[in-house]
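Here the structure comes first, spelled out in structure tokens, and everything after it is commentary.
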Amino acid sequence: MATISNFPEHFIREHETWHHEHMNMGNLRAGDGIEFLSFHREFMERCLEWYNSQGLNLDWVEPWRAVPNQIKRHQGWTRELEEAENRIRNNPSSFRSGDELGRFLQETSLHDAVHVLGSEVFDDPDFGRISLSPRSTLFYNWHRLIDNWWRSVERG
1 MATISNFPEH
11 FIREHETWHH
21 EHMNMGNLRA
31 GDGIEFLSFH
41 REFMERCLEW
51 YNSQGLNLDW
61 VEPWRAVPNQ
71 IKRHQGWTRE
81 LEEAENRIRN
91 NPSSFRSGDE
101 LGRFLQETSL
111 HDAVHVLGSE
121 VFDDPDFGRI
131 SLSPRSTLFY
141 NWHRLIDNWW
151 RSVERG
């Protein structure tokens with residue numbers, strides 16, 4: 001499953017509004033990374049509470065363990081993206097804070113690349129669009145992986 005049926009419109013609007021008001025790509029400042037991670041953690045908690053109340057299959061929104069190989073085989077997956085993921089997975093202590101991790105995900109384009117490439121390889125256009133991505137199960141697979149990475153950084 002990719003598209004979540006009857007997904008509440010207010011969640012779509014909230015996510016889109018947050019991105020339009022808070023994304024300073026090309027001019028990220030201290031605090032922007034933790035704000036990005038915190039918003040998505042709290043947003044997902046509320047969305048998943050709704051999702052669970054609908055009796056939908058929780059397996060569809062489980063976090064990925066790593067960026068899926070289907071995405072890594074896409075021609076747009078670069079050595080730089082691979083190196084960025086490897087740093088996060090294999091050396092989380094190299095990040096001094098969640099803020100640094102959040103900015104790294106954005107500055108390296110790893111966050112956006114997984115959305116864009118994943119939307120192509122999994123044939124899920126919603127996943128590649130800020131305005132619609134929360135109604136895709138892939139959004140939760142990806143952002144819950146990011147949240148797990150953040151927890152690794154928090155543990156030191």
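For the sequence shown, position 36 matches number 36 in UniProt numbering, and the numbering has no gaps at all.
In this text, a Cβ means the ideal position worked out from N, Cα and C, and glycines have one as well.
CA-to-CA distance, residue 6 to residue 106, given in whole angstroms
Walking along the sequence shown from the start, residue 106 turns up at place 106. Walking along the sequence shown from the start, residue 6 turns up at place 6. Approximately 30 Å, taken between the alpha carbons.
Using the Cα positions of residue 150 and residue 98, report the straight-line distance between them to the nearest angstrom.
The residue given as residue 150 occupies position 150 in the sequence shown. The residue given as residue 98 occupies position 98 in the sequence shown. In a straight line, the C-alpha of residue 150 is about 6 Å away from that of residue 98.
Which runs of the alpha helix (DSSP H), 4 residues or longer, sit entirely within the region 33-103?
69-72 and 79-90
Check each candidate in 156, 152, 134 and 142 and name the one with the smallest Cα separation from residue 43.
In the sequence shown, residue 43 corresponds to position 43, counting from 1. Comparing Cα positions, the closest option is 134.
State yes or no: is the C-beta of residue 136 within less than 8 Å of the C-beta of residue 3?
Within the sequence shown, the letter at position 136 stands for residue 136. Within the sequence shown, the letter at position 3 stands for residue 3. Cβ atoms of residue 136 and residue 3: closer than 8 Å.
Taking one C-beta from the region 25-36 and one from the region 87-101 each time, how about it: are there three or more such pairs within less than 8 Å?
yes
Quick check on DSSP: helix, strand or coil for residue 17?
Against the sequence shown, residue 17 aligns to sequence position 17. Residue 17 falls in the helix class under three-state DSSP.
For residue 154, count the other beta carbons within 10 Å of its own beta carbon; 16 or more makes it buried, fewer makes it exposed. Which is it?
Sequence index remark: in the sequence shown, residue 154 carries index 154 (1-based). It counts as exposed.
Hey, would you say residue 45 sits closer than 8 Å to residue 131, going by beta carbons?
Taking the first residue of the sequence shown as position 1, residue 45 is located at position 45. Taking the first residue of the sequence shown as position 1, residue 131 is located at position 131. No, Cβ-Cβ distance for residue 45 and residue 131 is not below 8 Å.
Taking just the CA atoms, how far does residue 49 sit from residue 11?
In the sequence shown, the residue the question calls residue 11 occupies position 11. In the sequence shown, the residue the question calls residue 49 occupies position 49. Taking the straight line joining both Cα atoms gives about 12 Å.
Candidates 56, 9 and 83, of which the one nearest residue 66 by Cα:
Numbered from 1 along the sequence shown, position 66 holds the residue referred to as residue 66. Nearest C-alpha to residue 66: 83.
Please state whether the Cβ-Cβ distance between residue 145 and residue 124 is less than 8 Å.
Within the sequence shown, residue 145 is the residue found at index 145, counting from 1. Within the sequence shown, residue 124 is the residue found at index 124, counting from 1. Result no, Cβ atoms of residue 145 and residue 124 do not sit closer than 8 Å.
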